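Have a look at the structure below, then the notes.
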Amino acid sequence: AQSVTQPDIHITVSEGASLELRCNYSYGATPYLFWYVQSPGQGLQLLLKYFSGDTLVQGIKGFEAEFKRSQSSFNLRKPSVHWSDAAEYFCAVGDGSNYQLIWGAGTKLIIKP
Amino acid sequence: DTGVSQNPRHKITKRGQNVTFRCDPISEHNRLYWYRQTLGQGPEFLTYFQNEAQLEKSRLLSDRFSAERPKGSFSTLEIQRTEQGDSAMYLCASSPEGATNEKLFFGSGTQLSVL
Numbered sequence: 088a089q090s091v092t093q094p095d096i097h098i099t100v101s102e103g104a105s106l107e108l109r110c111n112y113s114y115g116a117t118p119y120l121f122w123y124v125q126s127p128g129q130g131l132q133l134l135l136k137y138f139s140g141d142t143l144v145q146g147i148k149g150f151e152a153e154f155k156r157s158q159s160s161f162n163l164r165k166p167s168v169h170w171s172d173a174a175e176y177f178c179a180v181g182d183g184s185n186y187q188l189i190w191g192a193g194t195k196l197i198i199k200p
Numbered sequence: 165d166t167g168v169s170q171n172p173r174h175k176i177t178k179r180g181q182n183v184t185f186r187c188d189p190i191s192e193h194n195r196l197y198w199y200r201q202t203l204g205q206g207p208e209f210l211t212y213f214q215n216e217a218q219l220e221k222s223r224l225l226s227d228r229f230s231a232e233r234p235k236g237s238f239s240t241l242e243i244q245r246t247e248q249g250d251s252a253m254y255l256c257a258s259s260p261e262g263a264t265n266e267k268l269f270f271g272s273g274t275q276l277s278v279l
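In order, the protein sequence lines correspond to chains A and B.
Take the first sequence: its letters are residues 88 to 200, numbered as in this note's numbering.
Take the second sequence: its letters are residues 165 to 279, numbered as in this note's numbering.
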C-alpha cells in the first residue's frame with residue numbers, strides 16, 4: 088500500500104540549533120516527493136520538491152531535503168532554525184501525473200527560545 | 165495575485181444541517197482541488213476540477229458531498245445532512261494548467277464544527 092510516515096509527531100529544538108524532520112514512504116512507482124509547511128492560520132506552502140536528478144534539493148527559507156532511495160526516505164533539514172520556523176511540516180508523495188498526493192500526518196515543530 | 169481565498173473561515177453547524185463552502189482560486193489557475201484535513205492528520209484528497217469539469221472524486225466524497233465549479237472560476241463544496249464525523253478543516257488549492265502537483269497553492273481553509 089502507498090503510504091507516507093512521519094515518525095515524529097512533535098519535535099522541539101532550540102533556536103539556532105539544527106533540525107532534521109524524518110519522512111519515509113512506501114510507493115510502487117518512481118516517487119515525486121514534497122515538503123509543505125503549514126503555519127497557524129495559513130495555507131500549506133510548498134517548501135521543496137524532488138522529481139529527479141540531484142538527490143539533495145534546496146528549498147525556500149533555508150530548508151533542504153535529501154532523497155535516499157535505498158532507505159525510502161526524504162528527510163528535511165535546516166542548519167539553524169529561527170523562531171518563525173515553528174509550524175507543522177508535511178511530507179507528501181505523488182506520481183507527478185496523479186493529483187491525489189499521499190500525505191504524512193505531519194510533524195509539529197516547536198522552537199525553544 | 166491575492167492567493168486562494170476560502171469562505172467562511174469557520175462554520176459551526178448542528179448535525180443534520182446543510183453547509184456550503186466557497187473557494188476562489190488564483191485567477192489564472194485552471195485546476196482546483198478540495199482536500200479535507202482532520203486534527204493530527206495530513207490532507208486527504210476529495211475532488212479535483214479542471215475548468216468546470218470535475219475530473220476526479222475520492223471515495224471519501226460520499227453522496228452527501230457535492231462540489232461544483234460552474235463557470236470554471238470559483239468552486240463550492242456542499243455537505244448535506246452534516247454528521248459529527250464531517251468536522252474537519254476543508255482546504256482548497258489551485259494550480260495552473262500543465263503543472264504537476266508541485267504547483268499547488270492552498271487557501272487557509274474552512275474549519276467546520278458539527279455539533
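For every residue, glycine included, the Cβ atom is placed at its ideal position computed from N, Cα and C.
This one's a predicted model, so the numbers in the text were calculated from it and none came from an experiment.
When DSSP states are grouped into helix, strand and coil, R179 (chain B) belongs to the coil group. Close CB contacts of L106 (chain A) within its chain, under the 6 Å cut and outside five residues either way in sequence, are with V100, K165, V168 (chain order). Restricting attention to B:Q218, B:Q214, B:V183, B:A257, the CA atom closest to the CA of E247 (chain B) is found in B:V183. For the pair A252 (chain B) and Q181 (chain B), the CB atoms are not nearer than the 8 Å cut-off.
A:F121 is the residue among A:D141, A:G128, A:G140, A:F121 whose C-alpha sits nearest the C-alpha of L134 (chain A). Taking a contact as a CB-CB distance under 8 Å, the pair G130 (chain A) and G206 (chain B) does not count as one, their CB atoms being some 14 Å apart. Check the Cα spacing between K178 (chain B) and each of B:S239, B:F209, B:R186, B:G249: the tightest is with B:G249. Per DSSP, C110 (chain A) lies in no beta strand (DSSP E) and is assigned neither H nor E. G273 (chain B) belongs to the set of residues whose beta carbon lies under 8 Å from a beta carbon in chain A. Proximity of A192 (chain A) to chain B, defined by a Cβ-Cβ separation below 8 Å, is satisfied. T117 (chain A) and Y137 (chain A) have their C-alpha atoms some 11 Å from each other. Its chain contains L108, R109, T194 as the residues whose beta carbon lies nearer than 8 Å to that of D95 (chain A), once the 5 sequence neighbours on both sides are disregarded; these appear in chain order. Residue state for D188 (chain B) is assigned as strand, using DSSP reduced to three classes.
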